[in-house]
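Here is the structure we will look at.
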Amino acid sequence: NAGVMQNPRHLVRRRGQEARLRCSPMKGHSHVYWYRQLPEEGLKFMVYLQKENIIDESGMPKERFSAEFPKEGPSILRIQQVVRGDSAAYFCASSPNRGVSPLHFGNGTRLTVT
Amino acid sequence: TQLLEQSPQFLSIQEGENLTVYCNSSSVFSSLQWYRQEPGEGPVLLVTVVTGGEVKKLKRLTFQFGDARKDSSLHITAAQPGDTGLYLCAGAGVEIKAAGNKLTFGGGTRVLVKP
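In order, the protein sequences belong to chains A and B.
The first sequence begins at 2 in this note's numbering and counts up by one.
The second sequence begins at 517 in this note's numbering and counts up by one.
Below is the structure:
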């Protein structure tokens with residue numbers, strides 16, 4: 002029963018390095034969402050992608066952050082030149098279609114910037 | 517910008533007591549979802565409410581969607597230690613076609629049920 006797979010589970014980066022977070026959606030799901038969660042807070046929407054397309058990136062910081070979901074392979078959230086404020090849990094969720102349907106979340110990647 | 521406010525932020529009760537968590541907004545949502553999140557894990561969907569005034573029950577959990585689709589509540593009867601966790605409400609905007617499943621999350625309510 003393969004759910005949404007995220008890796009790595011934990012990632013430590015020094016300031017200025019790059020972080021690459023990967024997400025494999027559930028089988029049959031072609032819609033992927035990335036959310037960020039700060040400690041003791043709710044989740045904040047970052048970006049919504051469909052295969053090879055960015056549908057909505059209104060929650061993504063304008064600089065240093067990018068996301069892709071290629072035809073083959075996992076979705077990637079890339080953070081360049083990380084800063085301490087990027088430390089958070091990053092969750093990926095997938096759904097089978099564009100409509101309102103349950104989101105299936107992965108267990109997240111916890112990024113720590115030292 | 518659509519915002520969802522949850523209250524209280526933290527709730528500590530004894531096993532067997534009842535509790536209610538509230539989720540409020542000034543915006544209308546096409547649907548509202550409730551999730552529970554355990555430490556170190558992703559949120560897990562509990563229920564989706566779609567119709568204004570709708571009430572759904574899941575064992576000891578009762579979910580209600582306000583008539584105007586701006587607010588929701590989660591009521592747990594006879595809470596058990598296994599109910600401990602972070603409860604999150606999340607609303608889907610009315611512009612479904614553009615937003616897809618883009619959800620606006622509340623800040624969460626951390627529930628602690630002591631044995």
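All residues carry an ideal CB built from backbone N, CA and C; glycine is no exception.
These numbers were taken from a predicted model, which means no experiment stands behind them.
Check this for me: beta carbons of residue i and residue j, under 8 Å apart or not?
i: A:Asn108; j: A:Gln7; result: yes
i: B:Gly623; j: B:Gln522; result: yes
i: B:Val537; j: B:Thr625; result: yes
i: A:Glu58; j: A:Val48; result: yes
i: A:His105; j: A:Gly29; result: no
i: B:Leu574; j: B:Leu561; result: no
i: A:Leu66; j: A:Ile80; result: In the sequence under discussion, the amino acid at residue 66 of chain A is Phe, which differs from the Leu named in the question. Cβ atoms of A:Phe66 and A:Ile80: closer than 8 Å.
i: A:Leu22; j: A:Thr110; result: yes
i: B:Gly609; j: A:Phe92; result: no
Could one say the Cβ of residue i lies closer than 8 Å to chain A's Cβ atoms, at least one of them?
i: B:Glu521; result: no
i: B:Pro559; result: yes
i: B:Thr564; result: yes
So residue i and residue j are in contact, right, with Cβ under 8 Å, and what is the actual spacing, rounded?
i: A:Pro75; j: A:Ser25; result: 4 Å
i: B:Asp583; j: B:Cys539; result: Actually they do not touch by this definition, with Cβ atoms about 15 Å apart.
i: B:Pro631; j: B:Glu533; result: Rounded, the Cβ-Cβ distance is 12 Å, inconsistent with contact.
Give me the Cα-Cα distance between residue i and residue j, rounded to the nearest whole angstrom.
i: B:Phe621; j: B:Tyr603; result: 11 Å
i: A:Arg15; j: B:Gln580; result: 45 Å
i: B:Arg585; j: B:Leu619; result: 15 Å
i: B:Trp550; j: A:Val84; result: 32 Å
i: B:Leu520; j: B:Ala594; result: 27 Å
i: B:Leu600; j: B:Val544; result: According to the sequence displayed, residue 600 of chain B carries Thr and not Leu. Near 29 Å, if we compare the C-alpha coordinates of B:Val544 and B:Thr600.
i: A:Gly43; j: A:Lys72; result: 31 Å
i: B:Ile529; j: B:Leu535; result: 8 Å
i: B:Leu590; j: A:Val33; result: 28 Å
i: B:Ser546; j: A:Glu19; result: 38 Å
i: A:Thr115; j: A:Gly86; result: 10 Å
i: B:Val629; j: A:Val13; result: 33 Å
i: A:His11; j: B:Glu570; result: 40 Å
i: A:Ile77; j: B:Cys605; result: 26 Å
i: B:Gly568; j: B:Pro555; result: 32 Å
i: B:Lys613; j: A:Ser102; result: Note on B:Lys613: pLDDT 47, under 50, position unreliable in the model; no value is reported.
i: B:Ser542; j: B:Gln596; result: 32 Å
i: B:Thr578; j: B:Ile592; result: 6 Å
i: A:Ile56; j: B:Arg576; result: 38 Å
i: A:Ala94; j: A:Ala68; result: 14 Å
Relative to the ligand MG, is the shortest distance from any of its heavy atoms to the C-beta of residue i smaller than 7 Å?
i: A:Ala68; result: The model on display carries no ligand, and the ligand MG is accordingly not part of it.
For chain B, find out if any of its Cβ atoms is closer than 8 Å to the Cβ of residue i; answer yes or no.
i: A:Phe70; result: no
i: A:Gly109; result: yes
i: A:Phe66; result: no
Practice task
Can you give me, in chain order, the residues of the stretch 616–629 of chain B that have a beta carbon less than 8 Å from any beta carbon in chain A?
Solution key: Of all residues in the stretch 616–629 of chain B, Gly616, Asn617, Lys618, Leu619, Thr620, Phe621, Gly622, Gly623, Gly624 and Arg626 have a Cβ within less than 8 Å of some Cβ in chain A.
Handout entry: Contact list for the stretch 580–611 of chain B against chain A, Cβ threshold 7 Å
Key = Look at the stretch 580–611 of chain B: the residues with a C-beta under 7 Å from a C-beta of chain A are Leu604 and Ala608.
Exercise for the section: Check distances from the C-beta atoms of the stretch 81–104 of chain A to those of chain B and list, in chain order, the residues that come in under 7 Å. Expected result: Going along the stretch 81–104 of chain A in chain order, one finds Phe92, Ser96, Arg99, Gly100, Val101, Ser102, Pro103 and Leu104 with a Cβ nearer than 7 Å to chain B.
Exercise for the section: Residues of the stretch 34–49 of chain A with a CB closer than 9 Å to any CB of chain B: list them in chain order, please. Expected result: Per Cβ criterion, the list reads Tyr34, Tyr36, Gln38, Glu41, Glu42, Gly43, Leu44, Lys45, Phe46 and Tyr49.
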